[in-house]
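Going by the working numbering, the first residue of the sequence shown is number 773, and it counts up by one from there. The C-beta atom is built at its ideal place from N, Cα and C for all residues, glycine as well. One structure below.
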Amino acid sequence: MVVNIFNISKAVSDKNRIKILQMLSEGETNVSDVAENLNVEENLASHHLRVLSNLGFLKSNKKGREVFYKINRNKLVTLVRDLKRNPAFLEILKEAVLDSDR
């Protein structure tokens, strides 16, 4: 669980990843749209999407030559349950998110 806490807090401590999660809460999108919305190169947007995907926060669906991403709601429900059971974990995540705003 310690490694998972570290990886999750590291992932959400990045402003762009928080913005990606916010974008995806409105529906699925592709790398190009993420890059445009964040005003970053596609390779950086792809990196952020890969980090979130590797943690299980995103699902992907290939449509033709493009990959579309959406939030994995089951993973987020599990995370919320874990947060309720472990207040210390919640504090770590809060600090990570606050640090991303600085």
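Would you mind reading off the limits of the alpha helix (DSSP H) that contains asparagine 826? 814–826
Of all the options Lys787, Ser804, Phe778 and Lys782, which has the alpha carbon lying nearest to the alpha carbon of phenylalanine 840? Ser804
Over what stretch of residues does the beta strand (DSSP E) that includes asparagine 833 continue unbroken? 830–835
Cα separation between serine 781 and lysine 834? 28 Å
Helix, strand or coil: which one does DSSP assign to glutamate 863? helix
In terms of DSSP beta bridges, what is threonine 801 paired with? Tyr841
Pairing CB atoms from the region 789–802 with CB atoms from the region 835–854, are three or more of them under 8 Å? yes
Less than 8 Å separating the beta-carbons of leucine 824 and asparagine 788? no
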